[in-house]
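J.: Please find one structure pasted underneath; my questions will follow.
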Amino acid sequence: MTSLIKSIINENVHDKIVFIRADLNIPMSNGKVLDHTRVERLIPTINFLKSSGAKIVICSHLGRPKGKYNKEFTLKPLVEILSKILETNIHFSNSCVGQEVLDIKMILKAGEILLLENVRFHEEETKNDLSFAKKLSEGCDMFVNDAFSCSHRAHASLHAITNFLPAYSGVLLDQEMEALTSVLSSPIKPVAALVGGAKISTKINIIQYLITKMDYLIIGGAMANTFLVAQGLDVGKSLFEKDSVSVAKSILNKSKKLNCEIILPIDVVVSKSFEARGNTKIVSSDMIPLDMMALDVGPKTIQKIGFIFHNIKTLLWNGPLGAFELEPFGEGTFSLAKTASSLTTSNKLVTVAGGGDTSSALNKAGVGDTFTYISSAGGAFLEWLEGIELPAISVLSNNK
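Numbering-wise (this note's numbering), the sequence shown opens with residue 1 and increments by one.
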């Protein structure tokens, strides 16, 4: 599918009005931007368009305003941030459709940028409404999807709009797809996936898909407890999902037939309570005290997984190995993140990470900028891992 998608960087955009669907759904408080990451990731596409003489229209959502104007979710505060980061003046429209927008589009000069107001202020956006998509496209010559993180949604500004404009991928979207394809479709083997988090029930489909692709599947976090129970072990007070034990058993059996080795904790850090700096001890996974809970992997498990890291060529990382938010339960995640980082910087390992708390955990470990690629996407990243075709990506391959 991805081979059929045309990238905007291969097109002549001079004097064209280019509509970019970006993801500027960034954390804000009282009109102040708390994290610039998603703005900064838009820079390569914007710089290409500016240098090529295009006229640029940026569309995004922010939060969930439920189809009505809500001052809390206005994109207007981003004008100043975008102006500084992109080093250019930014026009702003109080709506994303209508005559005011069309008038500004018509007076844009080459290299100038128009930021539209929150597209989700219109209920037609999430309904993938065709007439609304046509209004969005008015006055524009080309459509660019540079919002992989939103591409699991069939919304008007991502999906229906491709009925009215020739559609292309942006630089960020290209990077996301290349990174994910490199670990799932054409990885340098041996390849491993590390999947962590609290619940197996939320990642059953991902795990079942990954065991068909991976040489190793490393499972951590509270979901590992459910697999330990499936092996007949007692996990004490540890969080596990009783209703998912049979599924875990099935996955363990199926993985053997598919020659995917599942790696579970062989020792764990336990505590009587889920609190920072509480009394802890390290025990074997088959010796968890009845009155204690497992909150991180132990040193033997870290060593075992580290050995695997040294003997693979590609690593996909999704989710933490323990309750990394509280000391000292981040040691497993942080230690192995640093190992993966070191192997990556010495060109011995390709590392792709993303989804959920992953980027937060890796940033806390101090390795957020050393992995081969860290996706900013959540739901889209996870659906891609399940092998699901993303609606806003699939329409790009229909481009004529």
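Every residue gets a Cβ at the ideal spot worked out from N, C-alpha and C, and that includes glycine. Treat the numbers as computed from the prediction; the structure is a model and nothing was measured.
Would you give the residue range spanned by the alpha helix (DSSP H) that Phe177 belongs to?
T.: Counting from one through the sequence shown, the residue named residue 177 turns up at place 177. First, the residue type needs correcting, since residue 177 is Met and not Phe in the sequence shown. 171-184 is the span of the alpha helix (DSSP H), which, as asked, contains Met177.
J.: Identify, in the order they occur along the chain, each residue of the same chain with its Cβ nearer than 8 Å to the Cβ of Asn10, setting aside the five sequence neighbours on each side.
T.: Numbered from 1 along the sequence shown, position 10 holds the residue referred to as residue 10. There are no such residues.
J.: For Lys338, which residues in the same chain have their Cβ closer than 7 Å to its Cβ, ignoring the five residues on either side in sequence?
T.: Working through the sequence shown from its first residue, we reach residue 338 at position 338. Answer for Lys338: Ala365, Val367, listed in chain order.
J.: For my contact list, Ala353 and Phe309 are in at a C-beta cut-off of 8 Å; report their separation, rounded to the angstrom.
T.: Working through the sequence shown from its first residue, we reach residue 353 at position 353. Working through the sequence shown from its first residue, we reach residue 309 at position 309. Wrong, their Cβ atoms sit about 13 Å apart, outside the cutoff.
J.: Report the three-state DSSP secondary structure of Ser151 (helix, strand or coil).
T.: Here the question's residue 151 lines up with position 151 in the sequence shown. Coil, per DSSP.
J.: Return the first residue and the last residue of the beta strand (DSSP E) that Leu295 is part of.
T.: In the sequence shown, counting from the first residue as 1, residue 295 sits at position 295. Unbroken beta strand (DSSP E) run through Leu295: 293-297.
J.: In angstroms, rounded to a whole number, what distance separates the CA positions of Ser271 and Glu331?
T.: One-based indexing of the sequence shown puts residue 271 at position 271. One-based indexing of the sequence shown puts residue 331 at position 331. So the two alpha carbons sit approximately 14 Å from each other.
J.: Let me confirm a value: Leu290 is counted as buried when at least 16 other C-beta atoms fall within 10 Å, else exposed. Which label applies?
T.: For the purposes of this step, residue 290 is identified with residue 290 of the sequence shown, where counting begins at 1. Label assigned to Leu290: exposed.
J.: Find the nearest neighbour of Asn311 within the set Tyr216, Leu180, Asp243, judged by alpha-carbon distance.
T.: Residue 311 sits at position 311 when you count from the first residue of the sequence shown. When only C-alpha atoms are compared, the closest one is Tyr216.
J.: Got a sec? Which residues, its chain only, sit under 8 Å from Leu336 by beta carbon, not counting five neighbours each side?
T.: For the purposes of this step, residue 336 is identified with residue 336 of the sequence shown, where counting begins at 1. Cβ neighbours of Leu336 beyond the five flanking positions: Leu194, Ile302, Ile305, Gly306, Phe309, Leu321.
J.: Alpha carbon to alpha carbon, how far is Lys257 from Met214?
T.: Position 257 of the sequence shown holds residue 257. Position 214 of the sequence shown holds residue 214. Those two C-alpha atoms are separated by around 13 Å.
J.: Measure the alpha-carbon distance for Gly111 versus Glu72 and round it to whole angstroms.
T.: Taking the sequence shown and counting its residues from 1, one reaches residue 111 at position 111. Taking the sequence shown and counting its residues from 1, one reaches residue 72 at position 72. Approximately 30 Å, taken between the alpha carbons.
J.: Quick one: what's Phe403 bridged to in DSSP?
T.: With the chain running from 1 to 400 in the structure shown, residue 403 is simply not present.
J.: Assign Ala276 to one of two classes, buried (16 or more other C-beta atoms within 10 Å of its C-beta) or exposed (fewer than that).
T.: Residue mapping note: residue 276 aligns to position 276 of the sequence shown, counting from 1. Classification for Ala276: exposed.
J.: Is the stretch 141-150 touching the stretch 65-81 in the sense that three or more CB pairs, one from each, lie closer than 8 Å?
T.: no
J.: Within this structure, are the beta carbons of Leu184 and Asn163 separated by less than 8 Å?
T.: Numbered from its first residue, the sequence shown carries residue 184 at position 184. Numbered from its first residue, the sequence shown carries residue 163 at position 163. Not closer than 8 Å, so no.
J.: If you follow the beta strand (DSSP E) that Glu125 is in, where does it begin and where does it stop?
T.: The residue labelled residue 125 in the question sits at position 125 within the sequence shown. Per DSSP, Glu125 belongs to no beta strand (DSSP E) and is neither H nor E.
J.: Mark Pro299 as exposed unless 16 or more other C-beta atoms lie within 10 angstroms of its C-beta, in which case mark it buried.
T.: Walking along the sequence shown from the start, residue 299 turns up at place 299. With fewer than 16 Cβ atoms within 10 Å of its Cβ, Pro299 is classed as exposed.
J.: Which two residues bound the contiguous beta strand (DSSP E) that contains Met142?
T.: Looking up residue 142 in the sequence shown gives position 142. Per DSSP, Met142 belongs to the beta strand (DSSP E) from 142-145.
J.: For His91, name the three-state secondary structure that DSSP assigns.
T.: Along the sequence shown, read from residue 1 onward, the residue named residue 91 stands at position 91. Correct three-state label for His91: strand.
J.: Out of Asn94, Met28, Glu389, Asn12, which has the shortest C-alpha to C-alpha gap to Leu62?
T.: The count along the sequence shown starts at 1 and reaches residue 62 at position 62. Residue Met28 is the option with its Cα nearest to Leu62.
J.: Which runs of the beta strand (DSSP E) fall wholly inside the stretch 205-270 and span at least 3 residues, in chain order?
T.: 216-219, 261-263
J.: CA-CA distance, Glu178 and Gly378?
T.: Position 178 of the sequence shown, counted from the start, is the residue given in the question as residue 178. Position 378 of the sequence shown, counted from the start, is the residue given in the question as residue 378. C-alpha separation (whole angstroms): 17 Å.
J.: Ends of the beta strand (DSSP E) at Ile312?
T.: As a working note, residue 312 is residue 312 in the sequence shown. It is not in any beta strand (DSSP E) - Ile312 carries neither H nor E in the DSSP assignment.
J.: For Thr37 and Lys199, what's the separation of their Cα atoms in angstroms?
T.: Residue 37 sits at position 37 when you count from the first residue of the sequence shown. Residue 199 sits at position 199 when you count from the first residue of the sequence shown. Cα to Cα, the separation comes out at about 28 Å.
J.: Do Ser250 and Asp267 have their C-beta atoms within less than 8 Å of each other?
T.: One-based indexing of the sequence shown puts residue 250 at position 250. One-based indexing of the sequence shown puts residue 267 at position 267. Taking 8 Å as the Cβ cut-off, Ser250 and Asp267 do not qualify as a contacting pair.
J.: Which same chain residues end up closer than 7 Å to Leu24 when comparing Cβ atoms and leaving out the 5 residues on each side of it in sequence?
T.: Counted from its first residue, the sequence shown places residue 24 at position 24. Result list for Leu24: Arg38, Val39, Ser60, Leu62, Leu75, Leu78, in chain order.
J.: Could you have a look at Lys105 and say whether DSSP puts it in helix, strand or coil?
T.: For the purposes of this step, residue 105 is identified with residue 105 of the sequence shown, where counting begins at 1. Three-state result, Lys105: helix.
J.: Taking the CB atoms as reference points, tell me whether Ile263 and Leu252 lie closer together than 8 Å.
T.: Counted from its first residue, the sequence shown places residue 263 at position 263. Counted from its first residue, the sequence shown places residue 252 at position 252. Against a cut-off of 8 Å, the Cβ pair of Leu252 and Ile263 comes out as no contact.
J.: Are at least three pairs of beta-carbons, each pair with one atom in the stretch 155-162 and one in the stretch 119-133, less than 8 Å apart?
T.: yes
J.: Relative to the C-alpha of Lys254, which residue among Leu42, Ile204, Leu382 is closest?
T.: Numbered from 1 along the sequence shown, position 254 holds the residue referred to as residue 254. Of the candidates Leu42, Ile204, Leu382, the one whose C-alpha sits nearest the C-alpha of Lys254 is Ile204.
J.: Would you kindly work out how many angstroms separate the C-alpha atoms of Phe240 and Phe381, rounded to a whole number?
T.: Locating residue 240 in the sequence shown gives position 240, where the first residue counts as 1. Locating residue 381 in the sequence shown gives position 381, where the first residue counts as 1. For Phe240 and Phe381, the distance between alpha carbons rounds to 24 Å.
J.: Looking at the structure shown, is Asn363 part of a helix, part of a strand, or coil, going by DSSP?
T.: In the sequence shown, the residue the question calls residue 363 occupies position 363. Asn363 falls in the helix class under three-state DSSP.
J.: Can you name the residues that DSSP bridges to Thr32?
T.: Counting from one through the sequence shown, the residue named residue 32 turns up at place 32. Here residue 32 turns out to be Lys, not Thr, going by the sequence shown. Note: Lys32 sits in a beta bridge opposite Ser29.
J.: DSSP state of Arg38, grouped into three classes?
T.: Sequence index remark: in the sequence shown, residue 38 carries index 38 (1-based). Arg38: helix per DSSP, three-state reduction.
J.: Rank Leu233, Leu173, Ile282 by C-alpha distance to the C-alpha of Asp146 and give the top, closest one.
T.: Stepping through the sequence shown from its first residue, residue 146 is reached at position 146. Considering only Leu233, Leu173, Ile282, the residue with the shortest C-alpha distance to Asp146 is Leu173.
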